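Trainee: If you count by the working numbering, then the sequence shown holds residues 2 to 506, one letter each, in order.
Ideal Cβ positions, reconstructed from N, Cα and C, are used throughout, including at glycine.
Just so we're clear, the structure is a prediction, and the values are computed from it rather than from any experiment.
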Amino acid sequence: MQALSNLDHDVKRFNELIRNASTSQGASTRWHFDLRFSTLQPPGHLLWLFNFTSKMAYAQSLPLHNIDKPSKSISWFPELGTEAAPDTAYALVYFFVQLHKTKSLIPAKIFTDDQPLAIEVGKELRRIGIADTFSKIGTTTSSGLSAVHAAFEEYFRDLPGNRLGLITAPQGISFFIPPPQAKKWTRDGNELNQEIVCEVANRFMNATPEDSSQPNDVEKVSTDFLQYVDAIEARFEQSIDKTTTLVECDDAEGTIYYALRLWYGIGVLQNRSECRKYLCKALFHCPAVTNSQKILACTLLMHWHLDDSSDSIRSRDLNAAAHFADTAAALTPKGKLIPAILHFGLRELGPLTVRMPELELQYQYLWCVVRDRQAEIVEERRKSEVKRLKAPLRYQCANQDCPIIADSGHMLQRCAGRCDADKKPSYSKIRFNQHPLQDHKPYCRSGAECSVLEKTHVFPQTKAAGRGSVGVPLTLPDGRQTIFATSTIDVEIIKKLEKSMREKE
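(1) How far does the alpha helix (DSSP H) with Ser274 in it extend, from its first residue to its last?
(2) Please classify Phe345 as buried or exposed, where buried requires at least 16 other C-beta atoms within 10 Å of its C-beta.
(3) Does His1 come out as helix, strand or coil in the three-state DSSP assignment?
(4) Scan the segment 52-112 and note each continuous alpha helix (DSSP H) run of 4 residues or more that stays entirely inside, going in chain order.
(5) Restricting to runs no shorter than 4 residues, where is the alpha helix (DSSP H) found entirely within the segment 305-369?
(6) Measuring CB to CB, does Thr113 end up less than 7 Å from Phe34?
(7) What is the rounded straight-line gap between the Cα of Ile287 and the Cα of Glu121?
(8) Answer with buried or exposed for Ala341, where buried requires no fewer than 16 other C-beta atoms within 10 angstroms of its C-beta.
(9) Please go through the same chain and pick out, in chain order, the residues whose beta-carbon is closer than 6 Å to the beta-carbon of Tyr259, but skip the five residues on each side of it.
(10) Span of the beta strand (DSSP E) holding Leu36?
(11) Tell me the DSSP bridge mates of Trp49?
(12) Could you please give me the residues that DSSP links to Gln1 through a beta bridge?
(13) Under 8 Å: do the segment 298-317 and the segment 217-231 share three or more Cβ pairs, one atom per stretch?
(14) Can you tell me where the alpha helix (DSSP H) holding Val219 begins and where it ends?
(15) Could you give the distance in angstroms between the alpha-carbon of Ser72 and the alpha-carbon of Leu160?
(16) In three-state terms, what does DSSP make of Thr256?
(17) Count the C-beta pairs between the segment 51-60 and the segment 77-95 that are closer than 8 Å, then say yes if the count reaches three, no if not.
(18) Taking Ala399 and Val355 to be in contact with their CB atoms under 8 Å, please state how far apart those CB atoms are, rounded to whole angstroms.
(19) Taking Asp242 as the reference, give the member of Trp264, Cys451, Val94, Gly268 with the closest Cα.
(20) Going by C-alpha distance, which of Cys445, Cys420, Gln401 is nearest Ser429?
(21) Let me check understanding here. Comparing Cα to Cα, which of Ser74, Trp32, Ala148 lies closest to Gly45?
(22) Please tell me whether Glu84 and Pro180 are closer than 7 Å, where the distance is taken between their beta carbons.
(23) Work out the CA separation of Thr256 and Ala323 for me, nearest whole Å.
(24) By how many angstroms is the C-alpha of Asp11 removed from the C-alpha of Tyr95?
(25) Beta carbon of Ile296, beta carbon of Ala208: below 7 Å?
(26) Please return the same chain residues whose Cβ sits closer than 8 Å to the Cβ of Glu377, not counting the five positions on each side in sequence.
(27) I need the DSSP call for Glu121, collapsed to helix, strand or coil.
(28) Under the three-state reduction of DSSP, which class applies to Glu154: helix, strand or coil?
(29) Could you tell me the distance, in whole angstroms, from the CA atom of Arg127 to the CA atom of Gly139?
(30) Can you give the Cα-Cα distance for Gly351 and Gln375, rounded to whole angstroms?
(31) Alpha carbon to alpha carbon, how far is Leu65 from Leu8? Give it in angstroms, no decimals.
(32) Flag this pair as yes or no: are the beta carbons of Glu359 and Ile129 separated by less than 7 Å?
(33) Which same chain residues end up closer than 7 Å to Val201 when comparing Cβ atoms and leaving out the 5 residues on each side of it in sequence?
(34) If you draw a straight line from the C-alpha of Ala330 to the C-alpha of Arg37, how long is it?
(35) Once you ignore the five residues that flank Met206 on each side, which residues in its own chain have a CB closer than 7 Å to its CB?
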């Protein structure tokens, strides 16, 4: 179908069809409609229509003005019935006018199962001039809804992107469920909230492609972060007029910063929907947008869909986030990875494949990044284990009661005495305030035997969470063991935790 071009003409023609329907005796003019989010590439929303008598069914991509640009359909993402109603109402009018030209079917009444959508679409139909007899939308019965979904499952199963019909057909969207609420940020007068600046700087950094084969340079990371903070503060302190001028000129960077203003309420009212609209504008509609700006826009859109304070996430938000992560992964230069995208794939989407295996059939660029990184981790651990086997005393605390194994020799303090290099013990100060060297002293001379005894307790192998850290296994009151790593938790906190656990034994 072509995009809706003449609304007034179609409304007039549609009202003529309704008047003719009033004299029709058949029941084949009763239709159900709903909105569904298809995860098949390119993802987007569908208007699903089903005739109760003839069992005819149709799917129409929304919004109509993006019919010729399917890759941009994802830019339309209504969260409320009021947001969905205009495009849905226009599509209904256009559909029935076009259908009558080929099938001579006259619509009499439409139904849906989502009450908020029914109310808002009805209002919109009346606003554009559709007769009241049609704009009063009925409620689909449970038996009718079963037939509707069965027809959609059959349609979805045969779509080209649905491999062997293994991807689950989406249900109709319910606008009863409230959308995620934007976090409210406090302000100190006209001062810029530093928590906002730091969060944005962190998201910018984690959207920057990096070489995972290189060790982290803590000093460089700190310097880069401060540079991001300075740049972001400078952009947010610009006048809102200057920012909107950049948006009007289709400047991608200016459009992204304006979207962030809407996200956090900086100089404008917070508005989630408008924020997303401008992020999509930067991604799809700014002619001079660079590859790195596309990656940043995709990463921010991923965060937008995951930015929910509740414990759950709506299915279409999860899949939309996965789509933008996959797009960012596809744009990433070979040999690089984007930390935020990798984290999402490994820590958030990956665990969900256990109960949603169809996720693995989609988002192939994202899964490729995840598999490559997992292979790198396996190889890093293999090399680390080889190092430990060659010099076991260098990477394991020599104390009999300590299970700590470090990923780097410098994380343990080595005896500085005269004992042979291959027999020198190493100790960790995480568990002990002082090194228990008294047992080693008689052996701390050249040619002496090794003082490190084989451990009598079998400890689970400890793996550090990051380079240049040690992992400490602690036994919980219920008997389970968990690993705390110095890369994520301060040493003193680990000591306090262990002391508390020992007191409860």
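Mentor: Taking the geometry as given:
(1) Boundaries of the alpha helix (DSSP H) around Ser274: 273-285.
(2) Of the residues assessed, Phe345 falls on the buried side of the cut-off, its CB having 16 or more other CB atoms within 10 angstroms.
(3) Given a span of 2 to 506 for the chain in the structure shown, any question on residue 1 remains unanswerable.
(4) Runs of the alpha helix (DSSP H) inside the segment 52-112: 82-104.
(5) For the segment 305-369, the continuous alpha helix (DSSP H) assignments of 4+ residues that do not extend past its boundaries occur at 316-332, 340-344, in sequence order.
(6) Going by C-beta atoms, Thr113 is nearer than 7 Å to Phe34.
(7) Checking the sequence, you will find Cys at residue 287 rather than Ile. Cα-Cα distance, rounded: 32 Å.
(8) Counting the other CB atoms within 10 Å of its CB gives Ala341 a total of 16 or more, which places it among the buried residues.
(9) Answer for Tyr259: Thr244, Val248, Tyr279, listed in chain order.
(10) In the DSSP annotation of this structure, the continuous segment of the beta strand (DSSP E) that includes Leu36 starts and ends at 31-39.
(11) Looking at the DSSP assignment, Trp49 forms a beta bridge with Asp35, Ala60.
(12) Only positions 2 to 506 of the chain appear in the structure, and residue 1 is not among them; the question remains open.
(13) Fewer than three Cβ pairs drawn from the segment 298-317 and the segment 217-231 lie within less than 8 Å of each other, which leaves the two stretches out of contact.
(14) In the DSSP assignment, Val219 falls within the alpha helix (DSSP H) that extends over 219-237.
(15) Computed Cα separation, rounded: 17 Å.
(16) Looking at Thr256 - three-state DSSP - the assignment turns out to be helix.
(17) No, the segment 51-60 is not in contact with the segment 77-95.
(18) Going by Cβ atoms, the distance from Ala399 to Val355 rounds to 40 Å, so no, they are not a contact pair.
(19) Closest option to Asp242, Cα to Cα, is Gly268.
(20) The option with the nearest alpha carbon to Ser429 is Gln401.
(21) Gly45 has its Cα closest to that of Ser74, out of Ser74, Trp32, Ala148.
(22) No. Outside cutoff.
(23) The straight-line gap from Cα to Cα measures roughly 23 Å.
(24) Going from the Cα of Tyr95 to the Cα of Asp11 covers about 7 Å.
(25) When the beta-carbon positions are compared, Ile296 and Ala208 come within less than 7 Å of each other.
(26) Only Ser213, Ser214 meet the Cβ criterion.
(27) In the structure shown, Glu121 sits in a helix (DSSP, three-state: H, G or I).
(28) In this structure, DSSP gives Glu154 a helical state, which the three-state scheme calls helix.
(29) Rounded to the nearest angstrom, the two C-alpha atoms are 15 Å apart.
(30) Using only the alpha carbons, I get a separation of about 12 Å.
(31) Here the C-alpha atom of Leu8 lies approximately 12 Å from the C-alpha atom of Leu65.
(32) No, they are not a contact pair.
(33) The answer, listed in chain order, is Ile233, Leu261.
(34) Distance between Ala330 and Arg37, taken at the CA atoms: about 26 Å.
(35) For Met206, same chain residues with a beta-carbon under 7 Å away, outside a window of 5 residues either side, are Asp225, Phe226, Tyr229 in chain order.
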